[in-house]
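Presented below is the structure to which this report refers.
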Amino acid sequence: MLFAGSLSAGISVALGAFGAHGLSSRLSPDMLQIWETGARYQMYHALALLAVSWVCTRLPASSLAGWAGILFIVGTVLFCGSLYVLAVSGRLWLGAITPLGGLAFLAGWICLALSAVWG
Numbered sequence: 019m020l021f022a023g024s025l026s027a028g029i030s031v032a033l034g035a036f037g038a039h040g041l042s043s044r045l046s047p048d049m050l051q052i053w054e055t056g057a058r059y060q061m062y063h064a065l066a067l068l069a070v071s072w073v074c075t076r077l078p079a080s081s082l083a084g085w086a087g088i089l090f091i092v093g094t095v096l097f098c099g100s101l102y103v104l105a106v107s108g109r110l111w112l113g114a115i116t117p118l119g120g121l122a123f124l125a126g127w128i129c130l131a132l133s134a135v136w137g
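If you want my numbering, it's the 1-based position in the sequence shown plus 18.
Okay, structure coming up:
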């Protein structure tokens, strides 16, 4: 989880910078905002993966913390990935995938919270 969180944070910074500097003249303001939302949520959940890594050192037997990390990774791919592709392609049907990533994020946060209670 430490590796995944660190890698995801680095990718988020790179994609955020690419959006601000490389796409600002190529995308409409609406599509640029969608790109920025993807980068922001990717960073939030990269930091969450770092928290999961720490929790796993404190509660090594917690399968819930492990599931939280997996769900954060799935959420990042589905939520952020669909927003990135939607922004550059304009294919609005990809917006139907985004909520699945949001559900994975929510489930991950629930698993992380329950790991604090049940270990």
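C-beta: ideal position from N, C-alpha, C; glycine also.
Which whole-angstrom value is the C-beta distance of residue i and residue j, which I expect to be below 8 Å?
{"i": "Gly-40", "j": "Leu-89", "result": "Actually they are not in contact, since the Cβ atoms of Gly-40 and Leu-89 sit about 30 Å apart, beyond 8 Å."}
{"i": "His-63", "j": "Phe-21", "result": "With a Cβ gap of about 15 Å, His-63 and Phe-21 do not count as contacting."}
{"i": "Leu-96", "j": "Gly-119", "result": "3 Å"}
Buried or exposed: which applies to residue i, given that a residue is buried once 16 or more other Cβ atoms fall within 10 Å of its Cβ?
{"i": "Ala-86", "result": "buried"}
{"i": "Thr-94", "result": "buried"}
{"i": "Ala-32", "result": "exposed"}
{"i": "Gly-23", "result": "buried"}
{"i": "Ser-42", "result": "exposed"}
From residue i to residue j, what does the alpha carbon distance come to, in whole angstroms?
{"i": "Gly-84", "j": "Gly-56", "result": "23 Å"}
{"i": "Ala-149", "j": "Pro-117", "result": "Since the first and last residues shown for the chain are 19 and 137, residue 149 lies out of range."}
{"i": "Arg-44", "j": "Trp-53", "result": "12 Å"}
{"i": "Ala-69", "j": "Ala-27", "result": "13 Å"}
{"i": "Trp-72", "j": "Val-92", "result": "19 Å"}
{"i": "Leu-50", "j": "Ala-105", "result": "7 Å"}
{"i": "Leu-67", "j": "Pro-47", "result": "30 Å"}
{"i": "Ser-133", "j": "Met-19", "result": "15 Å"}
{"i": "Ser-80", "j": "Cys-74", "result": "7 Å"}
In the DSSP assignment, the alpha helix (DSSP H) including residue i goes from what residue to what residue?
{"i": "Trp-85", "result": "81-93"}
{"i": "Trp-111", "result": "No alpha helix (DSSP H) holds Trp-111; DSSP gives it neither H nor E."}
{"i": "Ala-27", "result": "20-35"}
Let me see if you follow: with CB-CB separation under 7 Å, is residue i close to chain D or not?
{"i": "Gln-60", "result": "As a matter of chain content, chain D is missing from the structure shown, which is built from one protein chain."}
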